[in-house]
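Position 213, counted from 1, in the sequence shown is what my numbering calls 1237; the numbers after and before it change by one each time, with no gaps.
Data first, discussion second: the structure below is written as C-alpha cells.
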Amino acid sequence: MMAVVMDGKELAQVIKKNIMGQVESSDITPCAASVLVGDEPSSKKYVELKGKDCRSVGINFQTHQLPKGVSEEELLGLIDELNEDSEIHGIIIQLPLPQKLSAEKAIMRVDPAKDVDGLHPYNVGKLWLGDYELERDLVPSTPKGIMEFLEHYDVEIQGKEAVIINRSNLVGKPLAKLLLDKNATVTTCHSKTKNIEEHTKRADILVSAVGSRPEFQITEDMVKEGAVVVDVGMSYINDKLYGDVDFEEVKGKTSHITPMPGGVGPMTRVALLQNILIAAGI
C-alpha cells in the first residue's frame, strides 16, 4: 500500500498566505501577548517561535517575561492589564508554569474572548456543548490543526473507529470531542490503559501524543492495515526530534500518515494564528 504522507509544512504555508491576505485587507492590526514565567529554555524557544510565526503574517506580538519567583498576585495582575488593553486581542499563557503558581487560576483569569489557546472554562464549555464552529470559535490549536489536516486530505471520519493516545486538556480531550462531533467512535487511551495495542490495532484513525520515546512507540504490529496515523508526540534523543511513530516501519501499512517533523507541528502553529484572527474579529 502506498501511503499518502500528510505534509503539514505545505498545507500550513497555504493557510498562512490566506491569513496574510486577511490581515492586509483588515483595518485591525491583530496583536497577541505571551506571558512567560522564568527562563526555562524550551518555554523561551516556544515563545520565540510563536512570535516569529505571528510577525511573518503581520500579527504584532509581545512577550511579557516575569521572573521565576513571581507571586501569583503579580502574575494575575499582569493578566488583568492585558485583558484591559484593547490593542491586545490574544493572550497566551506559556505552560508549564513554575510549581508554586496555579496554571488553572492563570487560565481562568484570561478574558475568554482573548483565550487563543482555547483553555478557559467558557471556551471548553462551548466545545463540549457543541456550541462552536472551528472557523469562528477558540478551540485548542493542535486538535484544530489535526481536524483541518483530516479535512484537507479527505479522510472519512463518520462511522470510523478513532483511537487517541492522550487525555490532556490541550490535545486528547478536545480532539475526542471534535471527532465525536464528526460521528467517529472514539476511544481515549492513557498511561493506565491496559494492553494498549488491542485498541490501536482496531483504529481506522490513530492519533498518538505521548512523547516518551524510546519507552513508548507505535510499531507496525500495533497498526491496522489501511489506517490513518497522526503522530503528535515529540521526543528528543541525542538532539534529534522523533515522533511516537516508527515512521519508516509503519508507513507501508497505512493509507495516510504524518511525518515528524513537518506534520502536525506546522498545523498547530498555524491554527494558533487563526485563533488570534478570530479573537481580533477578523
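By construction, the Cβ of each residue, glycine as well, lies at the ideal position given by its N, Cα and C atoms.
Since the model is a prediction, treat every value here as computed from it, not as a measurement.
Check whether the Cβ of residue i lies closer than 8 Å to any heavy atom of the ligand ADP, and answer yes or no.
i     : result
E1108 : For the structure depicted, the ligand ADP is absent and the ligand set is empty, with no information on it obtainable.
Buried or exposed: where does residue i fall if 16 or more other Cβ atoms within 10 Å of its Cβ makes it buried?
i     : result
D1268 : buried
S1232 : buried
I1052 : exposed
G1257 : buried
K1201 : buried
I1039 : buried
R1293 : buried
L1073 : exposed
K1129 : exposed
I1117 : buried
D1063 : exposed
L1099 : buried
I1112 : buried
L1162 : buried
I1131 : buried
L1125 : buried
P1167 : buried
G1276 : exposed
Compute the beta-carbon to beta-carbon distance between residue i and residue j, rounded to the nearest angstrom, for a pair I have assumed lies under 8 Å.
i     : j     : result
P1164 : L1194 : 5 Å
E1018 : A1304 : Shown here, the chain extends from 1025 to 1306; a query on residue 1018 therefore has no answer.
M1044 : G1075 : About 16 Å separates the two Cβ atoms, so there is no contact after all.
G1235 : S1259 : 5 Å
D1263 : I1242 : Contact flag wrong, Cβ pair sits at about 22 Å.
Q1046 : I1281 : Between I1281 and Q1046 the Cβ distance is about 31 Å, and since that is not below 8 Å, they are no contact.
T1211 : R1191 : With a Cβ gap of about 11 Å, T1211 and R1191 do not count as contacting.
V1252 : H1223 : The Cβ separation is near 15 Å, so there is no contact.
Pick out whichever of the options has its Cα sitting closest to the Cα of residue i.
i     : options                       : result
N1310 : A1027, I1189, L1204 and Q1298 : The requested residue 1310 does not occur in the structure, where the chain is confined to residues 1025 to 1306.
R1226 : H1214, K1184 and V1071        : K1184
E1157 : K1206, L1121, A1130 and H1144 : K1206
A1055 : A1251, D1139 and P1285        : Note on identity: in this sequence residue 1055 is Cys, with Ala being the wrong assignment. For C1055, the nearest C-alpha among the options comes from D1139.
P1120 : M1246, A1036, V1059 and M1284 : V1059
L1301 : Q1089, I1115 and Q1241        : I1115
V1274 : E1244, N1299 and V1252        : E1244
F1298 : L1230, E1222, G1169 and L1090 : Reading off the sequence shown, one finds Gln at residue 1298, where the question assumed Phe. With distances taken between Cα atoms, Q1298 lies closest to G1169.
A1127 : N1262, E1097 and P1283        : E1097
M1026 : P1285, E1249, K1033 and H1088 : E1249
L1199 : H1223, T1217 and L1230        : L1230
E1221 : V1247, E1111 and L1204        : V1247
G1154 : R1191, H1223 and L1204        : L1204
V1061 : A1036, V1210, Q1123 and G1142 : Q1123
T1209 : I1181, T1217 and M1030        : I1181
V1028 : H1144, T1278 and R1079        : T1278
K1197 : G1142, D1161 and D1228        : G1142
Q1089 : S1080, S1110, A1057 and R1079 : A1057
D1077 : M1284, E1108, K1041 and P1091 : K1041
S1080 : Q1037, I1261 and F1240        : Q1037
Y1266 : M1284, G1276 and E1272        : M1284
So, is the C-beta of residue i closer than 9 Å to a C-beta in chain C?
i     : result
K1168 : In summary, chain C is missing from the structure at hand, where a single protein chain is found.
Q: Please specify which runs of the alpha helix (DSSP H), each continuous and at least 4 residues long, are wholly inside the stretch 1137–1186, giving them in chain order.
A: 1145–1153 and 1165–1176
Q. Which parts of the stretch 1189–1239 are runs of the alpha helix (DSSP H), unbroken and 4 residues or longer, counting only runs that do not cross its ends?
A. 1196–1205 and 1220–1224
Q) Which ranges does the alpha helix (DSSP H) cover as unbroken runs of at least 4 residues, wholly within the stretch 1233–1280, from first to last along the chain? A) 1271–1275
Q. Are there three or more Cβ pairs, one per stretch, closer than 8 Å when the stretch 1173–1183 is compared with the stretch 1144–1151?
A. no
Q. Taking only runs of the beta strand (DSSP E) that begin and end inside the stretch 1082–1147, which ones reach a length of at least 3 residues, in chain order?
A. 1084–1090 and 1114–1117
Q: Indicate whether the contact test is met: 3 or more Cβ pairs, each with one atom in the stretch 1281–1289 and one in the stretch 1060–1073, closer than 8 Å.
A: no
(Q) So, does the stretch 1126–1135 touch the stretch 1102–1114, judging by three or more C-beta pairs under 8 Å? (A) yes
Q: Could you tell me which uninterrupted alpha helix (DSSP H) segments, each at least 4 residues in length, are contained entirely in the stretch 1025–1074, listed from first to last along the chain?
A: 1032–1048
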